[in-house]
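J.: For the record, in the sequence shown the residue sitting at position 70 is 69 according to numbering that gives the first Met the number 0, with numbers rising by one throughout.
Have a look at the structure that comes next, please.
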Amino acid sequence: MTSAPDIAANLAATRDAIDAACRKWDRPAGSVRLLAVSKTKPAAMVNAALAAGQYDFGENYLQDAESKIPEVGDPRATWHFIGAIQSNKTRTIAGRFGWVHTVSSEKVARRLHEQRPDNLPPLQVLLQVNVSGEASKGGLEPGDVAPLVSEIADYDRIAIRGLMAIPAPEPDFEKQRVPFRRLRELRDEIAVRFADRVVGFTELSMGMSGDLEAAIAEGATWVRVGTAIFGARNTTAHGV
Ligand SMILES: *Cc1c(COP(=O)(O)O)cnc(C)c1O
């Protein structure tokens, strides 16, 4: 074990990096939101982040999240599911989370719609797109996004808000921008095409620690950062 991370300082540094990228790329202040990825990390670390003014948290592992969310028990926290979705686990996502970034099938969208509890607002949904064409990555092919939106646009217990991608790691800044640009163009195209059926299709969840600036340059509205805030994960536990 390494020493405990200074979560408030790490959050401040991450916010500074986001703000600097916004200034550099002419993005309005506040147009990029930080999703703090707390997967595998204990409730105490989430509480430290909440105390430092961070309210959005990303989780990949349902079993971990199912105990952590009530343990944190803070109504200011908004939980985002960002992991692979097994269709038999949708009830937990529909009941516990405010957002899900990784929807890529009609079946999962329909189950989330049917299972969203009546006392909660519609679940905010992003569609995951495989923008770098890797066989191993989850998500829709870009050409399959519009047909899926057409199928699920009228499910009123979910709100389809935009797109998410996890491009292949790439060190070169200009090359990093390519899949992000593609995701932005796809979002714009879908927003126009479905303007009469889908309201607020504005979000782009893209960019992690290594490609945050390129994502912001191309219009990210959510960047997802884990390790730089909460410290390294024990990779043997979950393999991610
Ligand atoms: C884990 C994860 C992140 C954060 O990764 P770090 O390397 O810890 O910053 C972002 N997005 C997704 C989808 C993840 O699974």
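Positions of the beta carbon are idealized from the N, C-alpha and C atoms, including for glycine.
Treat the numbers as computed from the prediction; the structure is a model and nothing was measured.
What residue from ALA164, PRO74 and SER149 has the CA that sits closest to VAL191's CA?
T.: Checked all of ALA164, PRO74 and SER149; the closest Cα to VAL191 is SER149.
J.: Check whether the stretch 3 to 14 and the stretch 210 to 228 touch, using three or more Cβ-Cβ pairs below 8 Å as the test.
T.: yes
J.: Would you mind giving the Cβ-Cβ distance between GLU140 and ARG183, rounded to the nearest angstrom? I have them listed as a contact below 8 Å.
T.: Not really, about 17 Å apart at Cβ, beyond 8 Å.
J.: Any heavy atom of ligand 1 within a distance shorter than 6 Å of the CB on THR13?
T.: THR13 has its Cβ no nearer than 6 Å to any heavy atom of ligand 1.
J.: Please identify the residue among LEU34, ILE17, ASP25 and MET44 whose C-alpha is closest to the C-alpha of PHE229.
T.: Nearest C-alpha to PHE229: MET44.
J.: Which two residues bound the contiguous beta strand (DSSP E) that contains ILE159?
T.: First-last of the beta strand (DSSP E) with ILE159: 157 to 163.
J.: Exposed or buried, what is ILE6 when buried is set at 16 or more other beta-carbons lying within 10 Å of its beta-carbon?
T.: buried
J.: Counting along the chain, where does the beta strand (DSSP E) carrying VAL222 start and finish?
T.: For VAL222, the uninterrupted beta strand (DSSP E) segment begins and ends at 221 to 224.
J.: Distance cutoff 7 Å, beta carbons only. Does ALA47 sit that close to anything in chain D?
T.: Note that chain D does not occur in the displayed structure, where there is just one protein chain.
J.: According to DSSP, is GLN53 part of a helix, a strand, or is it coil?
T.: coil
J.: So is the beta-carbon of MET297 under 6 Å away from any non-hydrogen atom of ligand 1?
T.: It is not possible to answer for residue 297, since the shown part of the chain is limited to 0 through 239.
J.: Quick one: complete beta strand (DSSP E) runs, 3+ long, within the stretch 21 to 87?
T.: 32 to 36, 55 to 58 and 77 to 80
J.: Alpha carbon to alpha carbon, how far is LYS38 from VAL239? Give it in angstroms, no decimals.
T.: Any reading at VAL239 must be qualified, since the residue scores a pLDDT of 46, below 50, and its modelled position is unreliable; no value is offered.
J.: Can you tell me whether VAL144 is buried or exposed, with buried defined as 16 or more other CB within 10 angstroms of its CB?
T.: buried
J.: Strictly by DSSP, which residues pair up with GLN127?
T.: For GLN127, which the question treats as bridged, DSSP gives the partners MET163.
J.: Please identify the residue among ALA152, PRO120, LEU119 and VAL102 whose C-alpha is closest to the C-alpha of GLY138.
T.: VAL102
J.: In angstroms with no decimal places, state the Cα-to-Cα distance between ALA227 and ASN9.
T.: 6 Å
J.: Would you say GLN114 and ALA83 are within 7 Å of each other, going by their C-beta atoms?
T.: no
J.: Kindly indicate which residue of PRO69, SER30, GLU173 and ASP73 has the alpha-carbon position closest to the one of LEU49.
T.: ASP73
J.: Can you find the residues in the same chain that come closer than 8 Å, C-beta to C-beta, to VAL224, ignoring five residues on each side of it along the sequence?
T.: THR13, LEU33, LEU34, ALA35, VAL36, MET207, SER208 and LEU211
J.: Please return the same chain residues whose Cβ sits closer than 6 Å to the Cβ of GLN175, not counting the five positions on each side in sequence.
T.: GLU169, ASP210 and ALA213
J.: Less than 6 Å between the CB of GLY94 and some heavy atom of ligand 1, yes or no?
T.: no
J.: Spell out the partners DSSP gives LEU139 in its beta bridges.
T.: As computed with DSSP, LEU139 is found in a beta bridge with VAL128.
J.: Does ligand 1 have even one heavy atom less than 6 Å from the beta-carbon of VAL36?
T.: Result yes, Cβ under 6 Å from ligand 1.
J.: With 16 other CB atoms within 10 Å as the buried threshold, where does ALA19 fall?
T.: exposed
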